[in-house]
Amino acid sequence: MDPNIQRALNDKVYDKRKVGALELERVIRELVATKDHPRIEAVLDQLCNEYAYAVHQPNARNGGLIGLAAAAIALGSELARYLEVIVPPVLACFTDQDARVRYYACEAMYNIAKVAKGEILIYFNFIFDSLCKLGADTELSVKNGAELLDRLIKDIVSESAATYVSVLEQPVLEFEGDDKDGHDDRVDLPTAFSLKRFIPLLRDRIFTINPFTRTFLVGWIILLDSIPDLELVTFLPEFLGGLLRFLSDPNRDVHVATQGCLDKFLNEIKRIARVKKGIADSRKSKADGKRKRTDSLDSGSIRLAPDEPDDADSNTANDDDDASSEDDWVPGQDVQINYKAVLEILTATLDSPLGTFASRSPTNRQRPLMKSPEEDGLLESLRWIVEFLDICPEEVLPFTPTILAHLLPAVASGVESIRQAAGRVNTSLMDYVVSLSDDAELTSMQPPSRIPGPPPGDRQDGNASTRASLSSSRELEMRSPTPAQGRPVARTPTPALSVANHPQADLDYAAAVNSLTLLFLNDHEATRVAALTWLIMLHRKAPRKVLAFNDGTFPALLKTLSDPAEAVVTKDLQLLSQISRNSEDDYFSNFMVNLLQLFSTDRKLLETRGNLIIRQLCTSLSAERIYRTLADCIEKEEDVEFASIMVQNLNNNLITAPELSELRKRLRNLETKDGQTFFVALFRSWCYNAVATFSLCLLAQAYEQAYNLLQIFAELEMTVNILIQIDKLVQLLESPVFTYLRLQLLEPEKYPHLYKCLYGLLMLLPQSSAFAALKNRLNSVSSIGYLHIAPRPYVTSGGAPMPHSRQGSVVEAYNSLTLPSPSRKNGIGTETHTLTRSNATTPSGTSFDRPNRLKGRDDGIIRWNELLDKFKTVQERARRIQRLGGDIDDGSMLSDLRIGDGATDARSGAKEIPTRPPPVPVKDPPAPTQPAPKPRSGLGRQFGRLGGAVSGRGKRAQQ
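Using the UniProt record's numbering, the letters of the sequence shown map in sequence onto residues 1 to 959.
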């Protein structure tokens, strides 16, 4: 360069440097005109090495920058071959410590790019990287200069990025060839701008935290996506994760820009999906039409007329038109979107923040002062998943286990927006899985095929109808008292518009069940309910696949019965019932055994949730099957105390539960073989609880057997627990369930043992409110018995009839209830044997054969004597175990409160003492005394209504 130009460029005054740059521009123009390329290269080398790269001379660098810009302007069309010399030193000045150098670098690059236009795209990555840093510069002038340069580069990219090929890449033709061949060669040349080269840089820069850089990146992403031929959406997985992070930026401008960018991408994906689906539908309809035309031509080929070739030609022309129309290019039809990679990013976004939002307790839902960092990203991920379920549900299906693991905790989130969004995703995903499972079951014997879904509107309608049919079939199964195994269920087929040759992705049931089972440990009730709802649906659609992995699920389901939330227990019972209904008898028996073991180990569960569990199971399954199975298991139970408690719970539900009304009706019908076998099955296990056995006989109207049981009650130790059960039974006798029994009191000649049973209860009860209630009930019908009992013969123990008057029969019947029988001297066994061997009170003059209620004894269907012996054996075993237990339970704590020994009989004027087993010493009966009213002691007041049962016991112990 001329020395004057060198001095001017090195001057600290901008105007002098500008004068030197103008002079340099004139010189280079002359060199270009003369094509003196070596001289031009020498000038450019001098500007770079002596000025632009002079790191510690800011004035020299400024002069070099303005000189390079002037040289670029002077070179004009020849600039392309010199860009590799001019651009690198300018890029190096972008990182200078001096703000003025950075600003002049922006100015120089602006002038260079304005002349180079499309050629500058070769260095787009370097310029873009520098602009990312300059956009966050602390100096305002530098930021303004970078913004101007950014606008220019965006304009160039918008105009030339998709098609511009650098002149340096174009081959030089040595001879004139075919223009067509030259055109074909140019098509294969690389463009100056390449998305494949740019995406790695964008992927590195997308995780910046500077709000200005984020705004810069979002602006460029929106611009590149707006260029149709670039198809940036195909590279969406490379930077989608970073964009989702941008949503959490506290800067409002970043949030708004990012949200708009994501909306554009989502709309573009939906548009591309509609285009591809429309093309597939069009091709299918054209293929169907062509096939129909071919069939019609084949069928009419026999009747061809002379003028038929013209029609054939027209058909051929139509086919050519169809083929040409199929070749018409539609924007978006060739775009390939990696849905799998996008879904991986969305599910990863669901992973981290849900621990923060979903675990927020309901009592601490106050929003923080600063917006939660991942909240907006989580909401956007949920929105995309919902849309993908409409666009490509078959792609979402493999991610179902992962989505469920993080989605269901969000259903119980303390943030309302997250909770609603998670609910929408949960509903949509379940609807799709339900419809997919329908197809899988209908074609279980064939390989699965990939069936694209209908448009969003049709899909929702189809899912709604399928869901409705599923719920209706579910209600039918829930109402049915018998298992539904092997019964076909009506299903609504999922609409399918086209069938592709790709195999359909199936749901990973093992992973889904594992994910849902782990959610049983979640702290939130809504999450646990949702997990059980999913398991119910999955088992209903594919019971074999769910049961295949049931080894770990079944114990978890049993443990969930102890859940504090009643809704969770109800859902759990529904699932267990569904599994049992669709399984074999062995599985059902195993379920009942495990349930009893759970009750045995967790007595609190039995106390708080036992009734709920039993009633829910009886609602979902066959109540008779449940009671039969439980009765068989209880009969083999070694823990006598637990068996008694369990029988008491089952008996209370049998009497009071509305769900068991049909079971109660069946028990009252002992004339049928089914009723008799069911009664026997219950009786054998009910023997563990004396009061429950007695109430079972009352429920079955086996009053004679109930009276026989009362005779055995004299041998039992009347503990407070037994008296409480009798008290409750008397209260139940006043309930609507026993209305028939109270009405039968109006017909004493038909039901003589009913009176004996109730008066026997009255004798067992202490002076309490239950005693008064039962006494009032019996007193209200005693006069009716005197008026309406007709004369009838009675059968003695020897078998000879003995006539009596009406009054005498009633008096004798009443005395038989209140006075001890002579046969008691031989022990309770003798009396029981006499009662069971003779129909002592069988009337012969009535048409209603009620006294033959126990006719099964004669027929051999119900062996009443064996049942009584079973009752004695079980009660004796229970009493022996209780005594051997020492100080355990009521037997030791209330040993001073026992009733029915010699002292009590002495106070009541009795002469005999019931026989006792050897372990308990028999006291000598005291001398007979005149009957006296029972005095009330302080101990009796302590036990309230049961005070009469224990009065005087303490005094006798002191003696």
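Beta carbons: idealized from backbone N, C-alpha and C, even for Gly.
- Here Gly76 is exposed: its Cβ has fewer than 16 other Cβ atoms, across all protein chains shown, within 10 Å.
- Relative to the Cα of Phe694, the nearest Cα in the group Leu436, His753 and Thr672 belongs to His753.
- DSSP places Leu247 outside both helix and strand once states are collapsed to three, so it counts as coil.
- For the pair Leu519 and Ala510, the CB atoms are not nearer than the 8 angstroms cut-off.
- In this structure, Leu346 is the residue among Leu9, Leu346, Gln97 and Cys633 with its C-alpha nearest to the C-alpha of Glu387.
- Around the Cβ of Asn144, a 10 Å sphere holds fewer than 16 other Cβ atoms; the residue is exposed.
- Pairing Leu243 with Leu195 gives a Cβ-Cβ distance that is not under 8 angstroms.
- For Tyr123, there is no enclosing alpha helix (DSSP H), as DSSP gives it neither H nor E.
- At the C-beta level, Ser515 and Ala405 come within 8 angstroms of one another.
- The Cβ atoms of Gly64 and Pro89 lie closer than 8 angstroms to each other.
- Straight-line spacing of the CA atoms in Ala161 and Asn426 works out to 42 angstroms.
- Take Ser620, set aside five residues on each side of it, and the residues of its chain with a beta-carbon closer than 8 angstroms to its own are Met478, Leu573, Gln574, Ser577, Gln578 and Arg581, in chain order.
- Of all alpha-carbon atoms in His539, Leu521 and Asp632, the one lying nearest the alpha-carbon of Leu507 is that of His539.
- Out of Lys775, Thr95 and Arg205, the CA that lies nearest to the CA of Asp727 is found in Lys775.
- With a cutoff of 8 angstroms on beta-carbon distance, Leu696 and Phe683 are scored as near each other.
- Taking all protein chains shown into account, Phe679 has 16 or more neighbouring C-beta atoms within 10 Å of its C-beta and is therefore buried.
- Our two residues, Ala512 and Ser413, have alpha carbons roughly 21 angstroms apart in a direct line.
- When secondary structure is reduced to three states using DSSP, Leu561 falls in the coil class, being assigned neither helix nor strand.
- The three-state secondary structure of Val90, taken from DSSP, is helix.
- Distance from Ala113 to Pro237 at the Cβ level is roughly 31 angstroms; contact not present, criterion being Cβ atoms closer than 8 angstroms.
- If you draw a straight line from the Cα of Ile862 to the Cα of Lys636, it is about 21 angstroms long.
- With a cutoff of 8 angstroms on beta-carbon distance, Ala21 and Ile66 are scored as near each other.
- For Gly414, the secondary structure class from DSSP, reduced to helix, strand or coil, is coil.
- One thing to note: Leu79 has its Cβ no nearer than 8 angstroms to the Cβ of Glu107.
- Arg383 sits in a helix when the DSSP states are folded into three classes.
- Setting aside the 5 residues that flank it on each side, Leu189 is surrounded in the same chain by Val165 and Glu169, each with a C-beta closer than 6 angstroms to its C-beta; the list follows chain order.
- For the 8 angstroms CB-CB criterion, Tyr751 and Tyr703 form a contact.
- Asn111 places its beta carbon less than 8 angstroms from that of Ile73.
- Distance from the CA atom of Thr629 to the CA atom of Asp390, rounded to whole angstroms, is 47 angstroms.
- A direct Cα-Cα distance of roughly 32 angstroms separates Ala770 from Glu624.
- At the C-beta level, Ala116 and Leu131 stay beyond 8 angstroms of one another.
- Arg668 sits in coil when the DSSP states are folded into three classes, being neither helix nor strand.
- Selection Ile385, Trp220, Thr527 and Lys541 evaluated against Val434 yields Lys541 as nearest (Cα-Cα).
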